[in-house]
Amino acid sequence: MKERNGRSGLLLGTGLILVLGGALWWASGPSEKTAGGAPGGPSAGTAGFLEERPTALVRPAKVIEHGGKYLLGPEFLDIFNAFRVEYIEKGRSEVLRAFSEWAKESYSEEVAAFLLQVFDKYLLYLERLEDPSLFPAGATMDQKYQILLALRREIFGEEIAKLLFQHEDERVQFALALQAVKNDPDLSEEEKKKKAEELKAGLDPETRERLFPYDAHQDYRERLAKLKSDTAGLPPGEQAAKVRELRLEMFGEEATGRLEELDRVREERAARMDLYAEDREKILTDSTLNDEQKKERIKKLQEERLLPEQLRRVQAIEALEHLTPEEIARRIKEVQEGEREEPDWESPEQRGENVPAPEGN
């Protein structure tokens, strides 16, 4: 199994999830972001795995025994993908071997064998998604989704397919509904937004949180912008007090203190830049100075007024401000070509001379 197969499988082979993910994003409120995208993103089942790589860090998920059968939930989709991503370059047999070892350490022998069987079917599912004849030409997104559902039932069976892809199905079904609203020619933009909100409101709380997780920082930015707009006519001190109230409400005393310190630093830096720009303009318009004198005074002014990180940025900007776009492009090309040039071997170090030998040799 090639890596291409697995990656395309995660995108459902056709861009279906990407298109439907766009519908989810369209429906997201300004303070929400979709949890959509391809299945297989990190979750509680694989916390820390993708950063640290060893599959031993993959946490087992619960397997339920019901009516003499084993049932597994959607968190196993993330676990399956963790092993697929880790071992894909080593081939299918190595992926299965690694998963089998992990399952035997985490579950009873019988459950481990069941999970290995399901994982093997999942790899087959990803491979089948690569079949170019899977989706007929001109098939709609809904038709493609129905084909996927049929393929899952064929490979996994009705019950396992429904449980394993539960969260993905919630995401796709909701996105299809949103897509239909978005593409309805009989609805105005306002009516589309209203219907999208109605669809979101109809979700149960857990599903809504999965699809549209709350983003506290985005919510803060929006509330802050509204507050500043609403209090624009107040004296600065009163507006600052309102901002502090909002921060205390959302983040508490300690975080509010850090935000206020960040405000102070930003104001100081902005003041430095404003003062520098004002004094620089005076130098440039001083008719008693020649070009060399202006250059020296501006250099001294930069060192006096600007912080090191501001100095680097200002120097970079001012070095380009008198150049045409063609000259800027030429200079970038020269730098890029210079980085690709081979050493000229003129110095002893470049020839490997005068370089201390490694210790112990």
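In the working numbering, the protein residues as written are 906 to 1266.
Yeah, the Cβ is synthetic: ideal placement off N, Cα and C, and Gly gets one too.
Sequence-distant partners of F1024 (beyond 5 residues in either direction) whose C-beta falls short of 6 Å from its own C-beta, in its chain, are F985, F1004.
DSSP assignment within the region 1122–1200 yields the following whole alpha helix (DSSP H) runs of 4 residues or more, N-terminal first: 1141–1189. Rounded to the nearest whole angstrom, the C-alpha separation of L1054 and L1069 is 12 Å. V1000 is classed as buried because its beta carbon has at least 16 other beta carbons within 10 Å across all chains shown.
For the 8 Å CB-CB criterion, V963 and W1007 form a contact.
Around P1041, the same chain offers no residue with a beta carbon nearer than 6 Å, after the five sequence neighbours per side are excluded.
For A1182, the closest of E1209, L1151, A1082, Q1144 by C-alpha to C-alpha distance is E1209. If you draw a straight line from the Cα of L1081 to the Cα of D1047, it is about 7 Å long. For S998, there are no CB contacts under 7 Å within the same chain when 5 residues up- and downstream are skipped. Under the 10 Å beta carbon count, Q1084 is surrounded by 16 or more other beta carbons and is classified as buried. Under the DSSP assignment, Y1027 falls in the alpha helix (DSSP H) whose first and last residues are 1014–1033. Pairing S1093 with D983, the inter-Cα distance amounts to about 39 Å.
In this structure, V1016 is the residue among A987, V1016, E1010 with its C-alpha nearest to the C-alpha of L977.
Rounded to the nearest angstrom, the gap between the Cα atoms of E980 and L1028 is 16 Å. Look at E1226 here: in three-state DSSP terms it is coil, with no helix or strand label.
The region 1100–1118 makes no contact with the region 1146–1156, as fewer than three CB pairs between them are under 8 Å.
The closest CA to that of G973, considering only G1157, F1019, G1043, is found on F1019. Taking all protein chains in view, the Cβ of Y1050 is crowded by 16 or more other Cβ atoms within 10 Å, so the residue is classified as buried. The region 1119–1126 makes no contact with the region 1134–1144: fewer than 3 CB pairs, one atom from each, lie closer than 8 Å. The secondary-structure analysis by DSSP pairs I969 across a beta bridge with L976. Cβ atoms of K1087 and K1097 come within 8 Å of each other, at about 6 Å.
Counting the other Cβ atoms within 10 Å of the Cβ of E991 gives 16 or more, which makes it buried.
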